[in-house]
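Asks: Residue numbers (this note's numbering), protein chains in the order written: chain E, 1 to 448; chain L, 1001 to 1448. Beta carbons: idealized from backbone N, C-alpha and C, even for Gly. Input: one structure, supplied below.
2 protein chains.
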Amino acid sequence: MTKNISEQIAAFAAQTAWADIPADVRHEAKRSLLNYFATAIAGSNEIGMKKSLSVLAPFAATGACKIIGRAEQVDMAFAAYLNGVSANIYDFDDTHQETVIHPTAPIAPAVFAHAEVRPCDGKALLKAFIIGGEIECRIGNAVSPSHYARGWHITATCGVFGASAAIAGMLDLSEEQHVWALGNAAAYTSGLVENLGTMSKSISVGNAARNGILSALLAQAGFSGPTDPLGGVRGFLNVYSDLPSLNRMTDGLGEVWEIAKNTYKPYPGGIVMHPMIEGCLRLYNEAGLRAEDVVEVELTGHPLLRERTDRPDVTTGRLSQISAQHTIAIALRRGKAGLTEFNDDAVGETLRDGIRPKVRFIDDDSRDIANVHMRVLTRQGPAHEIEITAAKGGPDNPMTDRELEDKLAELAEFRGFKRDVQAIADAVWALDTAEDASAVMRLTNLPS
Amino acid sequence: MTKNISEQIAAFAAQTAWADIPADVRHEAKRSLLNYFATAIAGSNEIGMKKSLSVLAPFAATGACKIIGRAEQVDMAFAAYLNGVSANIYDFDDTHQETVIHPTAPIAPAVFAHAEVRPCDGKALLKAFIIGGEIECRIGNAVSPSHYARGWHITATCGVFGASAAIAGMLDLSEEQHVWALGNAAAYTSGLVENLGTMSKSISVGNAARNGILSALLAQAGFSGPTDPLGGVRGFLNVYSDLPSLNRMTDGLGEVWEIAKNTYKPYPGGIVMHPMIEGCLRLYNEAGLRAEDVVEVELTGHPLLRERTDRPDVTTGRLSQISAQHTIAIALRRGKAGLTEFNDDAVGETLRDGIRPKVRFIDDDSRDIANVHMRVLTRQGPAHEIEITAAKGGPDNPMTDRELEDKLAELAEFRGFKRDVQAIADAVWALDTAEDASAVMRLTNLPS
């Protein structure tokens, strides 16, 4: 009998061995995890993170699972929730570009929390992370582009399936139980684009990690579900997409690895602004251009650049991450564009000092979002021009391993996290030979 | 400035006083709660309920909130989850007919658990339940019919908003906080029709109650969200409906009460079979018809009767609730149609004894689902005919208060629940004068 889509995914999850996973995929997984620890440390003291912890803690059990960048210890499901929240809260985490899924925030917190409670070696954790990420991104491909366009927050909605599959793998569930785990995840899946840019965004991202664990544990206990929760007539793919591409779930499964296409941001904020940020930093360093000299900036780029970032009057750190006017001003003022360039103080500075330039957007459909042409008119007369063809962080110009280590160090500094971050990086690079997969978690928390 | 839809709903929730609620609406709310205690007692030992408790308990805090029909005590959010699960698990709970929402299972567990932790009087609880139910059903109207038809489990998806609004009211949140609570609920909302008929259905129903509480508590703590989570471009109504009727949110708000249109089932299983069940019971009692004498049954009814219930070969209790063949056989064998007529033993009996009749379905578009014509051919020759025009439990023939009390007694007996159920009924009828709204919960649990 032909297997349905959920059964095929379950078989992939249950049968794939460590040896089946190519070396480049394994290495990309480690890069994703290094980036994860960096952004989770950064977000660990954000206001929405602190509120999540204080409001929800009364409804969690006591436990010994660690919260990255913090001292509290909580139960496995709540730890997964909180680490998912902090990893994603600044939108500085990773991106599977075709779907705009942030693949790691829903899955890594789940597999590390699970490993803290039920010890396993590094290979087992990496395999679970890779399989979960693969399923998450393939579900994303299958429901795209209508899913995100209509208004579902794809990181959360697809992430819970990835987390569930990852934990189901760590629990060695049968193929039938894997299908139930996917069905339970389908009952949990949530997340709306309308919530982006507000605290409430974090709820569905944290839930994706938490509920992935619960979905798999319920399946393990025989909590059964539909026979095809993904491909059924009223299953996830048909309900959550206006035009699902069911074949994208399975075409090349186990051969072409979606999770290996993951990318990492060198700057916070919308990816669509990254070429422009790079242009500003080069003009600052190479041409000595400064914010106070700029009269007008002409940006020729993909239409999304205009649609998403033409916000001359932003007043909050959250919104400044998608304002071209603020971003150009602060990058040309400070010569950098890290998280401190997008907080409320920085926003106040560009507003108060009147250094946000007039920006003229010129749509160019022939460009993709990784490139831009900038023309900057200055007070002194001459115009500066710069073309960025493949911004750092995009698929054609990935951050190097060393740059990811630097990002970890920078974000630790941003957070005021004093522990040895090189030790975290070393542990991640050595994860496939670690006997205790969760050992790295002991390097990432604060003493209680 | 004109209020957006979420702000109008928030204003309704924050400003409605007890005195604004008509007496018939208050009474219908009590009837809903009586029916809730009945179905929650019935479901309190079901296998999916027991698995929910055992798998999820390690991730809940200790607490003193009661589980209806059981002895364990847990935290507020987990109690709401579990009581939501048990109330709905047999699909024997209430129905808002236009939307097929089961309005009470997501909301009553939340308000009672909250009242156990933060004491309030009966009026406050009833008001919160009514306001929450009203918002839930109106959201359901606004997204119908495409929402359920496409595949969302409307009880869960709309229920979380109702529970959130109810708890937000009990917390006396400001109008702005009410909007945030709706936004948080939008980040939680989930539930797929594909999961119905399986254990995994219970996840989203329990979550609606649990997450309604968390949504409101987060909002109270300043966990903010979008300005119009319901009506925004990528807000709930637009994303979760192919053709939302936004005006149904607010037309007649506070004047026409949707929650007062609630109905209650005299029999378990699909409502579409209820006229047929009534026909069988009358033929059993009035004409002495017995299952073993039946050769063939001709059912003239709404097409949904055929589409949903033509299942001659069912082998499980869960599926027997939507099998006309099993239902006719067991009703004409035993002269009743309670929960014990839809368990695995009863299914085995109608199968083993070969008493499931041949059923001929005749579609009649002019009928609604509350009526049916039955023609029963017997072994002995003569045919019996019966017309049911408005089955008991439908809007035109509601269950009486006394019949709801009888339902409570029957379901308590089914569960083997030995406590005084008349005391529960009396407490519900007197809820609007109770000083301690949660007192009734102390009548519904088992000694620990």
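Under a CB-based cut-off of 8 Å, is K1051(L) close to chain E?
Replies: Cβ-Cβ to chain E under 8 Å: yes for K1051(L).
Asks: When you compare only the Cα positions, how much space is there between L305(E) and L289(E)?
Replies: Roughly 22 Å separates the two Cα atoms.
Asks: Going by beta carbon distance, what residues of the same chain come within less than 7 Å of P1003(L), once the five residues before and after it are set aside?
Replies: In the sequence on display, residue 1003(L) carries Lys and not Pro. Closer than 7 Å at the Cβ level, and outside the excluded window around K1003(L), lie A1011.
Asks: Taking Cβ to Cβ, would you say R1375(L) is nearer than 8 Å to E1298(L)?
Replies: Cβ distance < 8 Å, so R1375(L) and E1298(L) count as in contact.
Asks: Quick one: using the 10 Å Cβ neighbour count with 16 as the cut-off for buried, is N1247(L) buried or exposed?
Replies: Answer is exposed; the Cβ neighbour count stays below 16.
Asks: Can you give the Cα-Cα distance for V440(E) and I68(E), rounded to whole angstroms?
Replies: Straight-line Cα distance between these residues: approximately 10 Å.
Asks: Assuming A105(E) and V205(E) make a contact with CB atoms under 8 Å, what is their CB distance in whole Å?
Replies: With a Cβ gap of about 6 Å, A105(E) and V205(E) count as contacting.
Asks: In whole angstroms, what separates the C-alpha of W180(E) from that of M1001(L)?
Replies: Their backbone Cα atoms lie some 49 Å apart in a straight line.
Asks: So, does the CB of F1223(L) fall closer than 8 Å to a CB anywhere in chain E?
Replies: It does; some Cβ of chain E falls within 8 Å.
Asks: For chain L, check one thing: does any of its Cβ atoms lie closer than 8 Å to the Cβ of N184(E)?
Replies: It does: the Cβ of N184(E) has a partner Cβ on chain L nearer than 8 Å.
Asks: Let me see if you follow: with CB-CB separation under 8 Å, is Y1090(L) close to chain E or not?
Replies: False, the Cβ-Cβ gap to chain E never drops below 8 Å.
Asks: Thinking just about the alpha-carbon of each residue, which of K1066(L), A1260(L), T1155(L) is nearest to the one in L1082(L)?
Replies: Of the listed residues, the one whose Cα sits closest to L1082(L) is K1066(L).
Asks: Would V1428(L) and L1033(L) be called neighbours here (beta carbons separated by less than 8 Å)?
Replies: It is a contact, given that the beta carbons lie within the stated cut-off.
Asks: Following the continuous alpha helix (DSSP H) through V1160(L), name the residue where it begins and the one where it ends.
Replies: Counting along the chain, the alpha helix (DSSP H) containing V1160(L) begins and ends at 1154 to 1170.
Asks: How should A1287(L) be labelled, buried or exposed, when 16 other C-beta atoms within 10 angstroms of its C-beta is the threshold for buried?
Replies: By the 10 Å Cβ count, A1287(L) comes out exposed.
Asks: Looking only at DSSP bridge pairs, what is T378(E) linked to?
Replies: Answer by DSSP bridge pairing, in chain order: V294(E).
Asks: If you run the structure through DSSP and keep just helix, strand and coil, what is G1301(L)?
Replies: Here G1301(L) sits in strand by DSSP.
Asks: What residues in the region 272 to 306 of chain E have a beta carbon less than 8 Å from any beta carbon of chain L?
Replies: Those residues of the region 272 to 306 of chain E that come within reach of chain L (Cβ to Cβ, closer than 8 Å) do not exist; the list is empty.
Asks: Any idea which residues DSSP pairs I1383(L) with across the strands?
Replies: Note that residue 1383(L) is Ala in the sequence shown, not Ile. Beta-bridge pairing links A1383(L) to L1377(L).
Asks: Alpha carbon to alpha carbon, what distance is there between G1416(L) and G1476(L)?
Replies: Nothing about residue 1476(L) can be read from this structure; chain L reaches only from 1001 to 1448.
Asks: Where in the region 1172 to 1242 of chain L do unbroken runs of the alpha helix (DSSP H), each at least 4 residues long, occur, reported from the N-terminal end onward?
Replies: Runs found: 1175 to 1188, 1201 to 1220, 1236 to 1239.
Asks: Would you call E307(E) buried or exposed, if buried means 16 or more other Cβ atoms sit within 10 Å of its Cβ?
Replies: Per the 10 Å Cβ criterion, exposed.
Asks: What are the partner residues of C1065(L), as DSSP defines its beta bridges?
Replies: The partner list for C1065(L) (beta bridge, DSSP) reads V1074(L).
Asks: Have a look at the DSSP bridge pairing and note the partners of N1262(L).
Replies: Answer is H1096(L), bridged to N1262(L).
Asks: Below 8 Å, can you find three or more Cβ-Cβ pairs linking the region 1095 to 1102 of chain L to the region 1131 to 1149 of chain L?
Replies: As far as the Cβ criterion goes, the region 1095 to 1102 of chain L touches the region 1131 to 1149 of chain L, which means the pair count is three or higher.
Asks: Name, please, each residue of chain L whose Cβ falls closer than 8 Å to the Cβ of G151(E).
Replies: Simply V1233, R1234, G1235, N1238, V1239.
Asks: Hey, could you find the ends of the alpha helix (DSSP H) D406(E) is sitting in?
Replies: From DSSP, the alpha helix (DSSP H) with D406(E) extends over 401 to 415.
Asks: Whole angstroms is fine: what's the gap from E121(E)'s alpha carbon to Q73(E)'s?
Replies: The amino acid occupying residue 121(E) in the given sequence is Asp; Glu does not appear at that position. Taking the straight line joining both Cα atoms gives about 22 Å.
Asks: Could you give the distance in angstroms between the alpha-carbon of D1293(L) and the alpha-carbon of R1282(L)?
Replies: Distance between the alpha carbons of D1293(L) and R1282(L): 16 Å.
Asks: Which first and last residues belong to the alpha helix (DSSP H) in which I9(E) is found?
Replies: First-last of the alpha helix (DSSP H) with I9(E): 5 to 15.
Asks: Between the region 1238 to 1252 of chain L and the region 1319 to 1326 of chain L, are three or more C-beta pairs nearer than 8 Å?
Replies: Segments in contact, no.
Asks: For D1344(L), decide whether its Cβ has a neighbour in chain E, counting only Cβ atoms nearer than 8 Å.
Replies: By this cut-off, D1344(L) is not an interface position.
Asks: Can you check whether the C-beta of M1199(L) is within less than 8 Å of a C-beta belonging to chain E?
Replies: For M1199(L), the answer is yes, since a Cβ of chain E falls inside 8 Å of its Cβ.
Asks: Below 9 Å between beta carbons is the criterion; list the residues of the region 49 to 80 of chain E that meet it against any residue of chain L, in chain order.
Replies: Listed by position along the chain: K51, S52, S54, V55, L56, A57, P58, F59, A60, A61, T62, G63, D75, M76, A77, F78.
Asks: Can you name the residues of chain E whose CB is closer than 9 Å to the CB of P1226(L)?
Replies: Residues of chain E passing the Cβ test: L192, E194, N195, L196, G197, T198, S200.
Asks: Distance, Cα to Cα, E1175(L) vs A1014(L)?
Replies: Going from the Cα of E1175(L) to the Cα of A1014(L) covers about 6 Å.
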